[in-house]
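Engineer:
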Amino acid sequence: MKKYTITALVANKSGVLTRVSGLFARRGFNIESLCVCTTEDEALSRMTIVLNGDEYTLDQMTKQLDKLIDVKKIAPAPENDSIYRELLLVKVKAPAEKRSEIIEIKDVYKAKIVDLSPETLVLEITGEPNKLDGFIRVIEPYGILEMARTGVTALSRGASCLNDRKDYNELI
Numbered sequence: 056m057k058k059y060t061i062t063a064l065v066a067n068k069s070g071v072l073t074r075v076s077g078l079f080a081r082r083g084f085n086i087e088s089l090c091v092c093t094t095e096d097e098a099l100s101r102m103t104i105v106l107n108g109d110e111y112t113l114d115q116m117t118k119q120l121d122k123l124i125d126v127k128k129i130a131p132a133p134e135n136d137s138i139y140r141e142l143l144l145v146k147v148k149a150p151a152e153k154r155s156e157i158i159e160i161k162d163v164y165k166a167k168i169v170d171l172s173p174e175t176l177v178l179e180i181t182g183e184p185n186k187l188d189g190f191i192r193v194i195e196p197y198g199i200l201e202m203a204r205t206g207v208t209a210l211s212r213g214a215s216c217l218n219d220r221k222d223y224n225e226l227i
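For the sequence shown, this note's numbering assigns the number 56 to the initial residue and increments by one for each residue that follows.
Below you can see the structure in the form of structure tokens.
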């Protein structure tokens with residue numbers, strides 16, 4: 056199984072997320088990651104969906120999503136032609152004798168300390184999902200107390216846009 060990323064422009068209104076996630080659930084597919092936010096146009100939201108499967112699964116889910124009225128435009132996000140980012144907040148045990156080691160790891164990964172207490176650190180890191188996975192593996196031995204990830208968001212590289220201006224007015 057491989058991870059695939061789908062980006063979609065959808066109507067920015069209530070119930071759209073429920074319809075999209077329900078479509079996956081009805082077909083027995085799990086959403087690995089889901090990130091939704093409003094776009095530069097308040098009438099549209101951008102969804103970035105990561106799913107596990109094969110090319111047939113990707114093709115079927117893309118076709119099924121395209122049938123939903125609120126989905127205005129949809130496309131797979133090619134690995135080599137897209138920028139992927141994710142945010143991770145992680146709270147780790149940080150007793151005084153281990154704190155300098157954790158700070159050294161933080162510096163290597165370009166993470167930030169966003170909260171400090173006598174026994175814990177909360178670290179923030181953004182980047183590609185595999186960078187975050189690597190950071191988690193390195194920091195795990197210190198004791199992860201809590202962790203939250205935003206899910207992947209993606210944009211295509213260069214001048215191409217999901218909302219190319221030629222048919223942009225048709226979307227809204």
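Where is the CB? At the ideal position from N, CA and C, for every residue including glycine.
Which residue's Cα is closest to the Cα of residue 176: 165, 196, 191 and 146?
Structural biologist: 146
Engineer: Leaving out five residues on either side along the sequence, give the residues of the same chain with a beta carbon under 8 angstroms from the beta carbon of residue 140.
Structural biologist: 181, 182, 183, 207, 208 and 209
Engineer: In the DSSP assignment, what residue or residues form a beta bridge with residue 99?
Structural biologist: 66
Engineer: Taking the straight line between their C-alpha atoms, what separation do you get for residue 160 and residue 69?
Structural biologist: 42 angstroms
Engineer: What are the start and end residues of the beta strand (DSSP E) that includes residue 114?
Structural biologist: Note, residue 114: premise wrong, no beta strand (DSSP E); alpha helix (DSSP H) at 110 to 122.
Engineer: Restricting to Cα atoms, I'd like to know which of 62, 200 and 97 is closest to residue 89.
Structural biologist: 62
Engineer: What span of residues does the beta strand (DSSP E) with residue 140 cover, start to end?
Structural biologist: 137 to 148
Engineer: For residue 126, list the residues DSSP reports as bridge partners.
Structural biologist: 65
Engineer: For a test of the three-state rule: what should DSSP assign to residue 85, helix, strand or coil?
Structural biologist: Collapsing the DSSP output to three states places residue 85 in coil.
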